[in-house]
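Reading through the structure tokens given below for one structure.
Protein chains: 2
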Amino acid sequence: MNTDIKSFPVPTLRRLPTYLRFLRKLAETDREFVSCTHIARDLRLDPTQVRKDLEITGITGRPRIGYSVPELVTAIESFLGWNNNRDAFLVGAGSLGAALIGYKAFREYGLHIVAAFDSDEAKIGRTIRDIEVLPSFKIPELAERMHIHIGIITAPAEAAQDITDLLVFGGIKAIWNFAPANIVVPEGVIVENVMLSSSLAVLTARLTEAQRVGK
Amino acid sequence: MNTDIKSFPVPTLRRLPTYLRFLRKLAETDREFVSCTHIARDLRLDPTQVRKDLEITGITGRPRIGYSVPELVTAIESFLGWNNNRDAFLVGAGSLGAALIGYKAFREYGLHIVAAFDSDEAKIGRTIRDIEVLPSFKIPELAERMHIHIGIITAPAEAAQDITDLLVFGGIKAIWNFAPANIVVPEGVIVENVMLSSSLAVLTARLTEAQRVGK
Chain Y
8 MNTDIKSFPV PTLRRLPTYL RFLRKLAETD REFVSCTHIA RDLRLDPTQV
58 RKDLEITGIT GRPRIGYSVP ELVTAIESFL GWNNNRDAFL VGAGSLGAAL
108 IGYKAFREYG LHIVAAFDSD EAKIGRTIRD IEVLPSFKIP ELAERMHIHI
158 GIITAPAEAA QDITDLLVFG GIKAIWNFAP ANIVVPEGVI VENVMLSSSL
208 AVLTARLTEA QRVGK
Chain B
8 MNTDIKSFPV PTLRRLPTYL RFLRKLAETD REFVSCTHIA RDLRLDPTQV
58 RKDLEITGIT GRPRIGYSVP ELVTAIESFL GWNNNRDAFL VGAGSLGAAL
108 IGYKAFREYG LHIVAAFDSD EAKIGRTIRD IEVLPSFKIP ELAERMHIHI
158 GIITAPAEAA QDITDLLVFG GIKAIWNFAP ANIVVPEGVI VENVMLSSSL
208 AVLTARLTEA QRVGK
């Protein structure tokens with residue numbers, strides 16, 4: 008994944024969902040307070056790092072009492088923008104796109120896929136979990152009319168830039184790109200890449216190396 | 008994604024699939040040679056970085072001629088271990104698991120999912136694209152017997168550690184973890200995490216920030 012966030016450290020942002028998941032579970036047990044040490048121990052992290060990470064949300068723990076669990080949950084949710092539902096368009100209704108539409112965990116993250124698009128005639132008009140697949144050329148008009156800010160690209164690499172242009176033209180501000188391609192966007196549009204092939208490359212290169220050494 | 012590779016720089020490893028994709032396309036046009044500058048321009052990268060990245064594969068370009076395209080393709084594939092098929096087990100036959108089973112691009116990466124597992128009675132016995140879903144308790148025996156080295160976890164967070172233990176017990180050497188959980192493995196087992204929630208956190212935190220600033 009590839010980002011150039013300016014204000015907040017990316018490693019901290021990337022850890023926040025882990026804290027949130029842990030704290031939501033704790034909240035279900037009606038626990039009121041939790042310490043840095045407790046969080047750190049359960050998540051196998053360093054307590055100092057946990058404290059620094061959580062400071063980013065504006066919440067500080069009280070000595071010997073710790074953090075209020077519900078306050079901290081709310082603070083992280085609001086920091087991430089996961090406290091209100093965010094509508095998103097998904098473009099590329101293949102198997103990965105369908106999986107993301109059906110991925111229940113997104114609801115916990117406040118992500119709501121409201122429409123899917125594809126340029127393949129065979130896919131247009133189909134329904135994936137109650138979401139109809141619309142033709143891609145409708146993206147700009149609908150994104151503008153529905154005030155959509157997030158676009159998810161799950162199309163093949165070749166189509167990624169054209170889709171990006173359609174999304175940007177419709178006023179999309181943030182693109183979550185699963186296509187194995189680097190996309191170009193105007194300044195001010197946020198891109199976060201999920202490069203499965205890059206992740207697999209790290210895994211298999213290390214495995215290949217380990218097996219070479221082991222021989 | 009989270010790794011601690013020792014020998015090779017992770018950013019280079021993560022870029023190799025991009026080079027490979029580009030070079031394979033070039034090879035289809037029967038082009039014999041390509042320069043660093045050409046690769047860099049087309050992929051919008053820095054030529055010096057491209058040269059350094061490609062050195063890792065052991066291939067060096069010749070002055071004024073550049074790289075032999077087929078040689079470079081072979082070198083990258085062999086470096087990544089993508090030149091021969093690698094069999095993998097997938098555990099967690101939900102929507103994400105099914106998507107990965109159906110993800111055509113994996114074939115280009117030499118990844119071959121040979122069996123899927125789940126502990127949910129309702130899923131066991133079903134078939135996803137000709138792959139039967141087997142009960143999870145069979146993982147160690149089958150992994151050992153079939154000499155499987157790669158395990159892919161697409162199960163919920165709560166199940167991730169138990170699955171990891173089963174995979175490791177069966178002799179799995181590398182785990183590609185899509186569950187939103189940190190898993191613990193013995194030394195020598197490679198883990199590469201694809202944390203979708205972390206990636207989304209970066210995207211939405213930046214969007215939330217941009218919208219706050221923009222107001």
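Note that the protein sequences, when read in sequence, are chains Y and B.
Per this note's numbering, residue 8 is the first one in the first sequence, and the count goes up by one each step.
Per this note's numbering, residue 8 is the first one in the second sequence, and the count goes up by one each step.
Where a beta carbon is used, it is the ideal one built from N, C-alpha and C, also for glycine.
Handout entry: Three-state secondary structure (DSSP) of GLY221 of chain B
Key = As a working note, residue 221 of chain B is residue 214 in the second sequence. The DSSP-derived three-state label of GLY221 of chain B is helix.
Exercise for the section: Could you say which of B:LEU173, B:ALA208, B:ASN92 and B:VAL196 lies nearest to PRO16 of chain Y if we only look at CA atoms? Expected result: Position 9 of the first sequence, counted from the first residue, corresponds to residue 16 of chain Y. Considering only alpha carbons, the answer is B:ALA208.
Problem - DSSP-derived helix/strand/coil call for ALA95 of chain B - result: Translated into the one-based positions of the second sequence, residue 95 of chain B becomes position 88. The answer is strand: DSSP assigns ALA95 of chain B an E or B state.
Practice task
Thinking VAL121 of chain B and GLY158 of chain B are a contact (beta carbons under 8 angstroms), I'd like their distance in whole angstroms, please.
Solution key: Your numbering for residue 121 of chain B matches position 114 in the second sequence. Your numbering for residue 158 of chain B matches position 151 in the second sequence. Actually they are not in contact, since the Cβ atoms of VAL121 of chain B and GLY158 of chain B sit about 11 angstroms apart, beyond 8 angstroms.
Exercise for the section: Any chance you could list the alpha helix (DSSP H) runs of at least 4 consecutive residues sitting entirely within the stretch 114-193 of chain B, in chain order? Expected result: Entirely contained in the stretch 114-193 of chain B, the alpha helix (DSSP H) runs reaching 4 residues are, in chain order, 146-152 and 164-176.
Practice task
Classify ASP137 of chain Y as buried or exposed, calling it buried when 16 or more other Cβ atoms lie within 10 Å of its own Cβ.
Solution key: Along the first sequence, one-based indexing puts residue 137 of chain Y at 130. Exposed, because fewer than 16 other Cβ atoms sit within 10 Å of the Cβ of ASP137 of chain Y.
Problem - Through-space distance from TRP183 of chain B to GLY195 of chain B, alpha-carbon basis - result: Numbered from its first residue, the second sequence carries residue 195 of chain B at position 188. Numbered from its first residue, the second sequence carries residue 183 of chain B at position 176. Here the C-alpha atom of GLY195 of chain B lies approximately 14 angstroms from the C-alpha atom of TRP183 of chain B.
Exercise for the section: Determine the burial state of PRO193 of chain Y: buried for a count of at least 16 other Cβ atoms within 10 Å of its Cβ, exposed for fewer. Expected result: Numbered from its first residue, the first sequence carries residue 193 of chain Y at position 186. PRO193 of chain Y is exposed by the Cβ-count criterion.
Exercise for the section: Within 10 angstroms of the Cβ of ASP37 of chain B, are there 16 or more other Cβ atoms? Answer buried if so, exposed if not. Expected result: The count along the second sequence starts at 1 and reaches residue 37 of chain B at position 30. By the beta-carbon neighbour count (other beta carbons within 10 angstroms, threshold 16), ASP37 of chain B is exposed.
Handout entry: Cutoff 8 angstroms: PHE15 of chain B Cβ touching any chain Y Cβ
Key = For the purposes of this step, residue 15 of chain B is taken as the residue at position 8 of the second sequence. By this cut-off, PHE15 of chain B is an interface position.
Exercise for the section: Determine whether the Cβ of VAL192 of chain Y lies closer than 8 angstroms to any Cβ atom of chain B. Expected result: In the first sequence, residue 192 of chain Y corresponds to position 185, counting from 1. Output row for VAL192 of chain Y: interface = no.
Handout entry: chain B within 8 angstroms of PRO54 of chain Y, Cβ atoms only
Key = For this step, residue 54 of chain Y is matched to residue 47 along the first sequence. Interface residue (Cβ-Cβ distance to chain B less than 8 angstroms): PRO54 of chain Y is not classified as such.
Exercise for the section: State buried or exposed for LEU210 of chain Y, treating a residue as buried only when at least 16 other CB atoms are found within 10 Å of its CB. Expected result: Position 203 of the first sequence, counted from the first residue, corresponds to residue 210 of chain Y. Counting other Cβ atoms within 10 Å of its Cβ, LEU210 of chain Y reaches 16 or more and is therefore classed as buried.
Handout entry: chain Y within 8 angstroms of THR134 of chain B, Cβ atoms only
Key = By one-based count along the second sequence, residue 134 of chain B stands at place 127. Taking Cβ atoms only, chain Y never reaches closer than 8 angstroms to THR134 of chain B, which makes this a no.
Problem - Beta carbon proximity, ILE179 of chain Y to chain B, threshold 8 angstroms - result: Locating residue 179 of chain Y in the first sequence gives position 172, where the first residue counts as 1. Not an interface residue.
Handout entry: Touch test, the stretch 52-70 of chain Y against the stretch 96-116 of chain Y, Cβ-Cβ under 8 angstroms, three pairs minimum
Key = Not touching, per the Cβ criterion.
Practice task
Could you tell me which residues DSSP pairs with GLU199 of chain B in its beta bridges?
Solution key: Within the second sequence, numbered from 1, the residue matching residue 199 of chain B stands at position 192. When beta bridges are read from the DSSP output, GLU199 of chain B appears opposite B:TRP183.
Exercise for the section: Give the straight-line distance between the Cα atoms of TYR116 of chain B and SER204 of chain Y, rounded to the nearest whole angstrom. Expected result: To locate residue 116 of chain B, count along the second sequence from 1; it is residue 109. To locate residue 204 of chain Y, count along the first sequence from 1; it is residue 197. Their Cα atoms are separated by approximately 7 angstroms.
Problem - Cut-off 6 angstroms between Cβ atoms - residues of its own chain near ALA167 of chain Y, not counting five sequence neighbours on either side - result: Indexing the first sequence from 1 puts residue 167 of chain Y at position 160. Within its own chain, the residues whose Cβ lies closer than 6 angstroms to the Cβ of ALA167 of chain Y, once the five positions on either side in sequence are excluded, are ILE160, ALA186, ALA188 and ILE190, listed in chain order.
Exercise for the section: Can you tell me which of B:ILE108, B:GLU78 and B:ARG22 puts its alpha carbon nearest to the alpha carbon of ARG51 of chain B? Expected result: Along the second sequence, one-based indexing puts residue 51 of chain B at 44. Of the listed residues, the one whose Cα sits closest to ARG51 of chain B is B:ARG22.
Handout entry: Any C-beta of chain B under 8 angstroms from that of ILE197 of chain Y
Key = The sequence position of residue 197 of chain Y within the first sequence is 190, counting from 1. Yes, ILE197 of chain Y counts as interfacial toward chain B.
Problem - 9 angstroms Cβ cut-off: residues of chain Y touching ARG28 of chain B - result: Sequence index remark: in the second sequence, residue 28 of chain B carries index 21 (1-based). Taking the beta carbon of ARG28 of chain B as reference, the chain Y residues within 9 angstroms of it are ALA164, PRO187, ALA188 and SER204, listed in sequence order.
Practice task
For SER5 of chain Y, name the three-state secondary structure that DSSP assigns.
Solution key: The structure shown does not extend to residue 5 of chain Y, since chain Y is modelled only from 8 to 222, so the question has no answer here.
Handout entry: Beta carbon of HIS156 of chain Y nearer than 8 angstroms to that of LYS180 of chain Y
Key = If you number the first sequence from 1, residue 156 of chain Y lands on position 149. If you number the first sequence from 1, residue 180 of chain Y lands on position 173. Cβ distance < 8 angstroms, so HIS156 of chain Y and LYS180 of chain Y count as in contact.
Problem - Chain-order list of residues whose beta-carbon lies under 7 angstroms from that of GLN218 of chain Y (same chain, five-residue window excluded) - result: Reading the first sequence from its first residue, position 211 is the one you call residue 218 of chain Y. Excluding residues within five positions, none has a Cβ falling inside 7 angstroms.
Handout entry: Under 7 angstroms by beta carbon: chain Y residues contacting HIS119 of chain B
Key = Start at 1 with the first residue of the second sequence, and residue 119 of chain B comes out as number 112. Chain Y residues near HIS119 of chain B: none, gap ~12 angstroms exceeds 7 angstroms.
Handout entry: Cβ-based contacts, 9 angstroms cut-off: residues of the stretch 88-117 of chain B near chain Y
Key = The residues in question are GLY88, TRP89, ARG93, GLY101, SER102, LEU103, GLY104, ALA105, ALA106, LEU107, ILE108, GLY109, TYR110, LYS111, ALA112, PHE113, GLU115, TYR116 and GLY117.
Handout entry: Distance CB(ALA212 of chain Y)-CB(PHE86 of chain B) smaller than 8 angstroms
Key = Position 205 of the first sequence, counted from the first residue, corresponds to residue 212 of chain Y. Position 79 of the second sequence, counted from the first residue, corresponds to residue 86 of chain B. Between ALA212 of chain Y and PHE86 of chain B, the gap from beta carbon to beta carbon is short of 8 angstroms.
Practice task
May I have the straight-line CA-CA distance separating THR55 of chain B from CYS43 of chain B, to the nearest angstrom?
Solution key: Sequence index remark: in the second sequence, residue 55 of chain B carries index 48 (1-based). Sequence index remark: in the second sequence, residue 43 of chain B carries index 36 (1-based). Within the model, the alpha-carbon separation for THR55 of chain B versus CYS43 of chain B is close to 8 angstroms.
Exercise for the section: Determine the DSSP secondary structure at PHE15 of chain B, reduced to helix, strand or coil. Expected result: Taking the first residue of the second sequence as 1, we reach residue 15 of chain B at position 8. Here PHE15 of chain B sits in coil by DSSP.
Problem - Three-state secondary structure assigned by DSSP to ILE69 of chain B - result: Taking the second sequence and counting its residues from 1, one reaches residue 69 of chain B at position 62. According to the sequence as given, residue 69 of chain B is Arg; it is not Ile. In the structure shown, ARG69 of chain B sits in a strand (DSSP, three-state: E or B).
Handout entry: For SER14 of chain B and LEU27 of chain B, the rounded distance between their alpha carbons
Key = Locating residue 27 of chain B in the second sequence gives position 20, counting from the first residue. Locating residue 14 of chain B in the second sequence gives position 7, counting from the first residue. Taking the straight line joining both Cα atoms gives about 21 angstroms.
Practice task
Counting only the same chain and skipping the five closest in sequence on each side, list residues whose C-beta sits under 7 angstroms from that of VAL57 of chain Y.
Solution key: Taking the first residue of the first sequence as position 1, residue 57 of chain Y is located at position 50. Cβ within range, chain order: CYS43, ILE46 and ALA47.
Handout entry: chain B contact residues for ALA208 of chain Y, given Cβ-Cβ distances below 7 angstroms
Key = Taking the first residue of the first sequence as position 1, residue 208 of chain Y is located at position 201. The contact set of ALA208 of chain Y on chain B, defined by CB atoms closer than 7 angstroms, consists of LEU20, ARG21, LEU23, PRO24 and LEU87 in chain order.
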